[in-house]
Every structure is written in structure tokens, then in C-alpha cells.
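Below is one structure, written out as C-alpha cells, with a few remarks after it.
In our numbering, the protein residues as written are 192 to 376.
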């Protein structure tokens, strides 16, 4: 997946961008160009990624950390793996301006890396509350099968769905998680 160094470097750039820093032309001028892009979901992380044409091929970029666009979607993108220049967008949801992940996203990405996180398929995405939507149990089953640290992976997933920090998510899911493992005689 992505390394600790890649995640740290991307979020260091995100933090500098949050203070008003602009990447110099030399940094991204020779980067790959993503043309006719649209917002999408990265299949492994379940987080925002852009989809578009990189050369002749349709590609999903690495997860997005920051982006700045002007009219027509022209601008730049910072992903977990590097810088990409953006050409025209085909996404009607595009709004000009700066987009930065929240500060707590760094902690979520690092926790996901340590937990062996891989996003469950989108059809499992719960729409109801933790206590009443059965799909939360299917998501938990997914992480128990596929993650090195299922409890942390589930907390990361919950945090991303509810737009929370990791500590808030852990506090919200602790009862659900332990209730799954209670055995009554």
C-alpha cells in the first residue's frame, strides 16, 4: 500500500499548504497530467481520489491530500504518492478553490497503515446508526478477516464515515466492538 514516509511527506505538504504556502512551479511543473478528471473513491482506502486520463489510460490516482483548482478544474493535486497537474474536469461537482483534508486525517492514514486496513466493498457501506444497521456487523466481519488489527481498522472506517478523529471514533465504537465478542453461557 503506502509507506509511513509517503504518508508523512504528503501530510507535511498538506500542513504547509494550510498555512498559505504555494508549491513552486519547479515542484509540480514536470509532474504527470491528469486530464478530464472527476471525483472518485480509492478502492483500497475508501477515501477521495481523482479519476481521469493519465496519458492514454483511465486511472484512479492515489488518495488525495490537497488540491487547488481554478476555472475548468485546472490546477494541481497532492496525493499520498506525489504531485499531479490537473487539466480539465468533467465533474459538475467541481468548485474552484483549495481543498485540504482535515488535520486528523494524518492520524487516520497512519493508523490504517499500522492496522493493515483495506476498505470494504462499497455495497457494505452502512447508512443507519451503529446499533441498528446490520451492515456495520458485515464491515466488522470484513476487518476481522482481512486486517492485522481489526479493532483499529474498524475505528478508522467509522472515523472516515462519520468524519471524526480516531480517538472520537474509538470511543464511539468500543461498546459495539466488545458486544460482538461477548459470549453468554
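Idealized CB from N, CA, C, for every residue including glycine.
Treat the numbers as computed from the prediction; the structure is a model and nothing was measured.
Annotated three-state conformation of residue 276 is strand, per DSSP.
In this model, residue 289 and residue 339 are separated by some 35 angstroms (Cα to Cα). With contacts defined as CB atoms closer than 9 angstroms, residue 255 and residue 239 qualify as a contacting pair.
Nearest C-alpha to residue 347 among 310, 372, 369, 197: 310.
Note that the stretch 266-280 touches the stretch 197-215; at least 3 beta-carbon pairs, one per stretch, sit closer than 8 angstroms. Across the set 264, 304, 345, 206, the C-alpha of 264 shows the shortest separation from the C-alpha of residue 287.
In the displayed model, residue 198 falls within a helix according to three-state DSSP. Residues 192, 309, 310 of the same chain have their beta carbon placed closer than 8 angstroms to that of residue 235, with the five preceding and five following residues left out of the count. Cβ contact annotation for residue 333 (same chain, cutoff 7 angstroms, sequence separation greater than five): 311, 315, in chain order. Boundaries of the beta strand (DSSP E) around residue 231: 223-232.
The stretch 298-306 makes no contact with the stretch 207-226, as fewer than three CB pairs between them are under 8 angstroms. The Cβ-Cβ distance between residue 266 and residue 249 does not fall below 9 angstroms. Straight through space, the alpha carbons of residue 228 and residue 344 are spaced by roughly 30 angstroms. For the pair residue 324 and residue 282, the Cα-to-Cα distance works out to about 31 angstroms.
Cβ neighbours of residue 253 within its own chain (closer than 6 angstroms, five residues either side excluded): 270, 271, 272. Where residue 258 is concerned, the enclosing beta strand (DSSP E) starts and stops at 255-260. One thing to note: residue 259 has its Cβ within 9 angstroms of the Cβ of residue 208. Residue 204 and residue 262 have their alpha carbons spaced roughly 23 angstroms apart.
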